[in-house]
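Residues in the sequence shown are numbered from 103 upward in steps of one, following the numbering used here. Cβ coordinates follow ideal geometry from the N, Cα and C atoms, glycine included.
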Amino acid sequence: VVLDIVPEVSEITAPPPFAGAPPVVGTRKAKTQIAVNDGETIVIGGLLRDTDTKTRAGVPFLSRLPLVGSLFTHRTTKKEKTDLLVFITPYILSEKLEEENIVEKRKPLRVQIEELYQKGLDYKKNEEYE
């Protein structure tokens with residue numbers, strides 16, 4: 103099976119420049135062509151995102167005083183890197199029954215990946231579902 107794959111992620115990156123205008127949208131895109139055998143899984147990565155979040159907290163009133171306000175203020179910077187991974191397993195189907203069997207066979211694997219994602223853990227291949 104030869105696949106032309108173009109995964110794309112779009113997100114709002116800034117508010118509208120003026121009232122009534124659409125928000126500013128940033129797009130990340132990867133393009134690839136790959137040959138894969140029936141039933142083999144491929145992984146596409148490279149849709150990276152770096153996020154810097156700065157927060158400022160302080161004691162009300164005291165943190166706004168000139169000269170000494172910084173003594174009552176706490177600033178933090180959080181850096182986050184994200185890489186979106188896309189898993190694709192193509193199947194060549196000849197009958198509707200075959201399609202239903204594949205969906206049922208892969209359901210435990212999909213549930214396992216979703217659970218790991220919720221926990222923030224890395225996916226490790228489990229031979230039980232092959």
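Do you know how far the Cα of residue j is from the Cα of residue i?
{"i": "Arg-208", "j": "Phe-174", "result": "55 Å"}
{"i": "Ile-136", "j": "Ile-114", "result": "30 Å"}
{"i": "Asp-154", "j": "Pro-117", "result": "17 Å"}
{"i": "Gly-128", "j": "Leu-187", "result": "18 Å"}
{"i": "Asp-140", "j": "Val-103", "result": "7 Å"}
{"i": "Pro-124", "j": "Gly-147", "result": "29 Å"}
{"i": "Gly-171", "j": "Glu-216", "result": "46 Å"}
{"i": "Arg-212", "j": "Gln-220", "result": "12 Å"}
{"i": "Leu-169", "j": "Asp-106", "result": "60 Å"}
{"i": "Glu-202", "j": "Leu-195", "result": "10 Å"}
{"i": "Glu-197", "j": "Val-138", "result": "21 Å"}
{"i": "Lys-181", "j": "Glu-206", "result": "40 Å"}
{"i": "Leu-167", "j": "Val-126", "result": "36 Å"}
{"i": "Pro-162", "j": "Gln-214", "result": "46 Å"}
{"i": "Gln-145", "j": "Pro-119", "result": "Note that residue 145 corresponds to Val in the displayed sequence, not to Gln. One C-alpha to the other measures close to 37 Å."}
By Cβ distance below 6 Å, which residues in the same chain neighbour residue i in space, the five residues on each side in sequence not counted?
{"i": "Thr-184", "result": "Arg-151"}
{"i": "Lys-131", "result": "Glu-110"}
{"i": "Thr-157", "result": "Thr-178"}
{"i": "Glu-230", "result": "Only weak support exists for where Glu-230 lies, its pLDDT of 45 falling under 50; the coordinates are left without a value."}
{"i": "Ser-112", "result": "Val-127 and Thr-129"}
Kindly give me the distance between the Cβ atoms of residue i and residue j, rounded to whole angstroms, as I take these residues to be in contact under 8 Å.
{"i": "Thr-143", "j": "Ile-190", "result": "7 Å"}
Spatial neighbours of residue i within its chain, please: C-beta separation below 7 Å, excluding the five flanking residues on both sides.
{"i": "Glu-232", "result": "At Glu-232, the pLDDT of 42 sits below 50, so the modelled position is not reliable and the matter cannot be decided from this model."}
{"i": "Ile-204", "result": "Tyr-193"}
{"i": "Gly-122", "result": "none"}
{"i": "Gly-160", "result": "Phe-174, Thr-175 and His-176"}
For the ligand MN, is there a heavy atom less than 6 Å away from the beta-carbon of residue i?
{"i": "Thr-157", "result": "Because no ligand of any kind appears in the structure shown, any question about the ligand MN cannot be addressed here."}
Any chance you could list the alpha helix (DSSP H) runs of at least 4 consecutive residues sitting entirely within the segment 107-170, in chain order?
none
At 3 residues or longer, what runs of the beta strand (DSSP E) sit wholly inside the segment 169-217?
175-190
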